[in-house]
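Chemist: Next up is a structure, given as structure tokens.
Chains as they are written, first to last, in my numbering: chain A, -13 to 278; chain B, 655 to 949; chain C, -8 to 403.
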């Protein structure tokens, strides 16, 4: 029975189906509303926003807020817009996501295929790291980073995000590998394959779906992080810090249209990842529950 | 020959633990070590920088005498309960509906999922705008003719907390839906068919069979939602700033303001310890129960 | 011969040096960014690289957190925008360096009023370089609104209170206010100085004398706060301060009680003092007073000679009279130096400058409480809680005074 199809055995009557569609569409509107408001208002000149209805379509379409948010908006003393900070974010996010995903995969592999006494305890202890609020670890982490000479640098930020991402990635991969048949691993071991060989040849090839889940989750969290970025970014601050400076500035005219354009710009990479990889996302979560 | 095999086996024995060890060590230091550091700090009179003098339980006494802390505790209890329950309910409902061979599922799913991609700063700012009576929903509906519509929750000390629930539910219920959808798709249809042959109604089908089979998804959803509820700092600050007054104070905002803004690191640390203890009190038994079963 | 060439080598080395200064601040937009830009331009013109480290939000809260993280990791920025007693706290920790030699050479002692020296000079060392002085106890009034009801600007609290119903009748909001805790704190201190006078202010908010905090004068302050509470519109909660200023600019509201950083908003909207708006001190019932806030960039001790040089150039630039004028024209405040020619600045700035000089001499210039000058961050935080709780509830003024005294006592 292929669990990947949309085959559901439940039959529903006409009225129920109409009701279902209605609910789904209503919720779709609910989810889309803020994006619509932000998008529509990012294309209006400022006078239209302050004067008018925020749901109305622009009577004067303009891309100026987007240009401004990208390259000329005031972020601190320099009118640089968000552009320079994008690179900082990418340099931080890509290694952090890659490393935490690979480490999570290896951890999941060990915890499910190479059981040892107390491994559930180890997993449980590692899982707790998902819950620690970041403000609590800020100062001690600063001290440690300082001692390691990594404070205020991109590698330091990468380290921080890897450390606090391992709990999640291990969780995802462990749950996924748990339902992978152990017999195949046993058979390989009997054939003389070693630890890494089994991982490389057997488990990794089928890890696509859960890797997508892990990458999406980590990418989103790390890309959107503000606290670590502002504290440990030094001179290469990520884009969230710049966005915060753009949106939270307390003097001058609040250029809502620029703020919204900036917010959408900042979210574009994650939105892109979600939309492109979205269908693999559900498949990935689901494949974890395939019973062998 | 024997020693070679011996060494190889022993290496194979140790290799998995060696691979796991760095992550475990990192967790020990950066999570438990730091928790220990925070606990130590909570017994010191630290103000602006960590200072290692001993003041006993003074910080805790001061902490519980502060009305803002008591507000924060009540708020997080209300918020977390509502947030987790509503998200789970909506997520499950949407997942079940989407599972009914819906046309356009491919389009609906990203719409439900995308809010999770936005940072809390963005979400908070957008919703703050939307819920403001002067420029947001209230004004729109009034312009459209519904003169008496009033939605001033965000300015009301009593109701502001629920606006945070709305924004938070909006952000993550789609993600929860994805988790349940994945779980639903993994359910073997043979079981469902057999039950239908036995004469079970749709309602019974879901209640008796499907939902219990979704246990792993409930676990994951609970973990993800609780973690977000506890860490809800950015959203609160962006949406209400802790206001009106201190009405929407949360332990995370409290800890932040006392440690960093008010130069009272000792009290901030004690509030952090209480937060961690509460988290542990909830998560540890839950995880224990769930992990025990997974053999 | 050899000595000569070594000297020549040493003299040639500065050309290879790359002095730079990293400035952490929360002046991230509008007039404030432009003002800091004036300093930056001078610094860059003097050959020093400017590394900007802006952190917006919370009037400096996020910057404070970032600063603490940087210090914990041993990587303090060269110059940081810090307010009031926080400067004194950092100095007490021994983290601030000084520019005494520069100050001596440039004659800062004579050029700065005592008010400014109190918050930039610690134990006789200049650890912070002042850019400007703000006045916080001010009313910004819309001329159009006052003309509409044919009233004069209030000089006493009774007059002010009596104006409120007249404005409401004319469809104008009497008081534009943003319901955020810090705004209520600034309003409170303006009322404290206005209703109670400088001596009361000193006893209550600087000395933190418990009896004064619980006393009848404090109750009177809260009574006036209650009056002001009745003058705001229903949507005040959570409103940003510059949106409240916008209400006055547009004439929708008659007055705003806010520090003179509000002036930048009026100037940006093309409004002129006198013609479009009035900048008047709050009524003073018990003799003149002036509540001041000093903005300065504090210098954290550095070991790298390039960074030390950068700090010195920065300090020089800030205290340069031309830069002080340019900075304050954008910022809306008055220069920290008293010996600059203010004829290029607008009427409000000139009036404020005269008032500061007079009050400084008479000893009635008091440091801001809400801006963490008069007391430390813990006390100000606790007091702000009590003040905003009063403003957002129907607590009686008597209870409010007691709550305030209790809160401050607990935070000390």
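Even for Gly, the Cβ is constructed at its ideal location relative to N, Cα and C. Remember, it's a predicted structure, so these values are computed and weren't measured experimentally.
Listed from N- to C-terminal order along the chain, which residues in the segment 747 to 769 of chain B have their beta-carbon within a distance smaller than 8 Å of any beta-carbon of chain A?
Modeler: Answer set for the segment 747 to 769 of chain B: 747, 748, 751, 752, 753, 754, 755, 756, 759, 760, 762, 763, 764, 765, 766, 767, 768, 769.
Chemist: Can you check whether the CB of residue 70 (chain C) is closer than 8 Å to the CB of residue 290 (chain C)?
Modeler: As a position in the third chain, residue 290 (chain C) is number 299, starting the count at 1. As a position in the third chain, residue 70 (chain C) is number 79, starting the count at 1. Taking 8 Å as the Cβ cut-off, residue 290 (chain C) and residue 70 (chain C) qualify as a contacting pair.
Chemist: Classify residue 667 (chain B): buried if its beta carbon has 16 or more other beta carbons within 10 angstroms, exposed otherwise.
Modeler: To locate residue 667 (chain B), count along the second chain from 1; it is residue 13. The residue in question, residue 667 (chain B), is exposed, as its Cβ has fewer than 16 Cβ neighbours within 10 Å.
Chemist: On the DSSP letters alone, give me the boundaries of the alpha helix (DSSP H) that residue 279 (chain A) sits inside.
Modeler: The shown model of chain A, from -13 to 278, leaves out residue 279 (chain A), and the question about it has no answer.
Chemist: Excluding the 5 residues flanking residue 79 (chain A) on each side, which residues of the same chain have their C-beta closer than 7 Å to its C-beta?
Modeler: Position 93 of the first chain holds residue 79 (chain A). Only 205, 208, 209 meet the Cβ criterion.
Chemist: Give the interface partners of residue 84 (chain C) over in chain B, defined as CB-CB distance under 8 Å, in chain order.
Modeler: Counting from one through the third chain, the residue named residue 84 (chain C) turns up at place 93. The answer, in chain order, is 702, 703.
Chemist: Could you spell out where the alpha helix (DSSP H) holding residue 12 (chain C) opens and where it closes?
Modeler: Counting from one through the third chain, the residue named residue 12 (chain C) turns up at place 21. No alpha helix (DSSP H) holds residue 12 (chain C); the beta strand (DSSP E) holding it covers 11 to 16.
Chemist: Start and end of the beta strand (DSSP E) containing residue 164 (chain C)?
Modeler: Walking along the third chain from the start, residue 164 (chain C) turns up at place 173. Its beta strand (DSSP E) spans residues 164 to 166.
Chemist: Here's a check: name, in chain order, each residue in its chain whose Cβ is nearer than 6 Å to the Cβ of residue 706 (chain B), leaving out the five neighbours to either side.
Modeler: As a first step, residue 706 (chain B) is located in the second chain; it is residue number 52 there, counting from the start. Contacts found: 698.
Chemist: Answer with yes or no whether the minimum CB distance from residue 809 (chain B) to chain C is below 8 Å.
Modeler: Here residue 809 (chain B) corresponds to residue number 155 of the second chain, with the count starting at 1. Judged by the 8 Å Cβ criterion, residue 809 (chain B) is in contact with chain C.
Chemist: By how many angstroms is the C-alpha of residue 295 (chain C) removed from the C-alpha of residue 898 (chain B)?
Modeler: As a first step, residue 898 (chain B) is located in the second chain; it is residue number 244 there, counting from the start. As a first step, residue 295 (chain C) is located in the third chain; it is residue number 304 there, counting from the start. Going from the Cα of residue 898 (chain B) to the Cα of residue 295 (chain C) covers about 46 Å.
Chemist: Any Cβ of chain C within less than 8 Å of the Cβ of residue 221 (chain A)?
Modeler: As a working note, residue 221 (chain A) is residue 235 in the first chain. Closer than 8 Å: yes.
Chemist: Going by the beta-carbon positions, is the gap between residue 129 (chain C) and residue 68 (chain C) smaller than 8 Å?
Modeler: Here residue 129 (chain C) is taken as the residue at index 138 of the third chain, counted from 1. Here residue 68 (chain C) is taken as the residue at index 77 of the third chain, counted from 1. Not closer than 8 Å, so no.
Chemist: Take residue 762 (chain B) and list the residues in its own chain whose beta-carbon comes closer than 8 Å to its own, dropping the five residues that flank it on each side.
Modeler: In the second chain, residue 762 (chain B) corresponds to position 108, counting from 1. These residues qualify, in order along the chain: 752, 756.
Chemist: Answer yes or no: do residue 29 (chain C) and residue 317 (chain C) have a C-beta to C-beta separation smaller than 8 Å?
Modeler: Position 38 of the third chain, counted from the start, is the residue given in the question as residue 29 (chain C). Position 326 of the third chain, counted from the start, is the residue given in the question as residue 317 (chain C). Result yes, Cβ atoms of residue 29 (chain C) and residue 317 (chain C) sit closer than 8 Å.
Chemist: Between which two residues does the alpha helix (DSSP H) containing residue 71 (chain C) stretch?
Modeler: Against the third chain, residue 71 (chain C) aligns to sequence position 80. It is not in any alpha helix (DSSP H) - residue 71 (chain C) instead sits in the beta strand (DSSP E) that spans 70 to 72.
Chemist: Can residue 695 (chain B) and residue 923 (chain B) be called in contact, C-beta distance under 8 Å?
Modeler: Along the second chain, read from residue 1 onward, the residue named residue 695 (chain B) stands at position 41. Along the second chain, read from residue 1 onward, the residue named residue 923 (chain B) stands at position 269. Result yes, Cβ atoms of residue 695 (chain B) and residue 923 (chain B) sit closer than 8 Å.
Chemist: Whose C-beta lies closer than 6 Å to the C-beta of residue -12 (chain A) among residues of the same chain, with five residues either side of it excluded?
Modeler: For the purposes of this step, residue -12 (chain A) is identified with residue 2 of the first chain, where counting begins at 1. With a pLDDT of 33 at residue -12 (chain A), under the threshold of 50, the modelled position of that residue is not reliable, and no figure is offered here.
Chemist: Quick test of the definition: if touching needs 3 or more C-beta pairs under 8 Å, does the segment 147 to 154 of chain C touch the segment 306 to 325 of chain C?
Modeler: No, the segment 147 to 154 of chain C does not touch the segment 306 to 325 of chain C.
Chemist: Can you check whether the C-beta of residue 60 (chain A) is within less than 8 Å of a C-beta belonging to chain C?
Modeler: In the first chain, counting from the first residue as 1, residue 60 (chain A) sits at position 74. So yes, residue 60 (chain A) belongs to the interface.
Chemist: Between residue 206 (chain C) and residue 258 (chain C), which are expected to be in contact by the criterion C-beta below 8 Å, what is the C-beta distance as a whole number of angstroms?
Modeler: Here residue 206 (chain C) refers to the residue found at position 215 when the third chain is read from its first residue. Here residue 258 (chain C) refers to the residue found at position 267 when the third chain is read from its first residue. Not a contact, Cβ separation roughly 40 Å.
Chemist: Decide if residue 743 (chain B) is buried, meaning its Cβ has at least 16 other Cβ atoms within 10 Å, or exposed.
Modeler: As a working mapping, residue 743 (chain B) is identified with position 89 in the second chain. Exposed.
Chemist: Using three-state DSSP, classify residue 253 (chain A) as helix, strand or coil.
Modeler: By 1-based counting over the first chain, the position of residue 253 (chain A) is 267. The answer is helix: DSSP assigns residue 253 (chain A) an H, G or I state.
Chemist: Applying the criterion that 16 or more other CB atoms from any shown protein chain within 10 Å of the CB defines a buried residue, is residue 639 (chain B) buried or exposed?
Modeler: With chain B running from 655 to 949 in the structure shown, residue 639 (chain B) is simply not present.
Chemist: Terminal residues of the continuous beta strand (DSSP E) containing residue 850 (chain B)?
Modeler: The count along the second chain starts at 1 and reaches residue 850 (chain B) at position 196. Unbroken run through residue 850 (chain B) is the alpha helix (DSSP H), 843 to 851; no beta strand (DSSP E).
Chemist: Looking at C-alpha atoms only, which residue of C:400, C:381, C:398, C:399 is the closest neighbour of residue 391 (chain C)?
Modeler: If you number the third chain from 1, residue 391 (chain C) lands on position 400. For the residues C:400, C:381, C:398, C:399, the minimum Cα distance to residue 391 (chain C) belongs to C:381.
Chemist: Go ahead and pull the three-state DSSP assignment for residue 126 (chain C).
Modeler: By one-based count along the third chain, residue 126 (chain C) stands at place 135. Of the three classes helix, strand and coil, the one that applies to residue 126 (chain C) here is strand, per DSSP.
Chemist: Would you please state the rounded distance, in angstroms, between the beta carbons of residue 173 (chain C) and residue 253 (chain C)? I believe it to be under 8 Å.
Modeler: Looking up residue 173 (chain C) in the third chain gives position 182. Looking up residue 253 (chain C) in the third chain gives position 262. Actually they do not touch by this definition, with Cβ atoms about 14 Å apart.
Chemist: Quick one: what does DSSP say residue 86 (chain A) is sitting in, helix, strand or coil?
Modeler: Residue mapping note: residue 86 (chain A) aligns to position 100 of the first chain, counting from 1. In this structure, residue 86 (chain A) counts as helix in the three-state DSSP scheme.
Chemist: Where residue 10 (chain A) and residue 767 (chain B) are concerned, what is the direct C-alpha to C-alpha distance, given to the nearest angstrom?
Modeler: The residue labelled residue 10 (chain A) in the question sits at position 24 within the first chain. The residue labelled residue 767 (chain B) in the question sits at position 113 within the second chain. Rounded to whole angstroms, residue 10 (chain A) to residue 767 (chain B) spans 13 Å at the Cα level.
Chemist: Measure the Cβ-Cβ separation of residue 347 (chain C) and residue 145 (chain C) and say whether it is below 8 Å.
Modeler: Within the third chain, the letter at position 356 stands for residue 347 (chain C). Within the third chain, the letter at position 154 stands for residue 145 (chain C). The answer is no: Cβ separation not under 8 Å.
Chemist: So which residues on chain B does residue 149 (chain A) lean against when the C-beta distance must stay under 7 Å?
Modeler: The residue you call residue 149 (chain A) lines up with position 163 of the first chain. 680, 684, listed in chain order.
Chemist: So is the beta-carbon of residue 845 (chain B) under 7 Å away from any non-hydrogen atom of the ligand ADP?
Modeler: The ligand ADP is absent from the structure shown, which contains no ligands of any kind.
Chemist: Quick check on DSSP: helix, strand or coil for residue 41 (chain A)?
Modeler: Counting from 1 along the first chain, the entry for residue 41 (chain A) is found at position 55. In the structure shown, residue 41 (chain A) sits in coil (DSSP, three-state: anything other than H, G, I, E or B).
Chemist: Tell me whether residue 392 (chain C) sits in a helix, a strand or coil according to DSSP, three-state version.
Modeler: Taking the first residue of the third chain as position 1, residue 392 (chain C) is located at position 401. Looking at residue 392 (chain C) - three-state DSSP - the assignment turns out to be helix.
Chemist: On the CB-based measure, 16 or more other CB atoms within 10 Å of its CB, does residue 260 (chain A) come out buried or exposed?
Modeler: To locate residue 260 (chain A), count along the first chain from 1; it is residue 274. Answer is buried; the Cβ neighbour count reaches 16.
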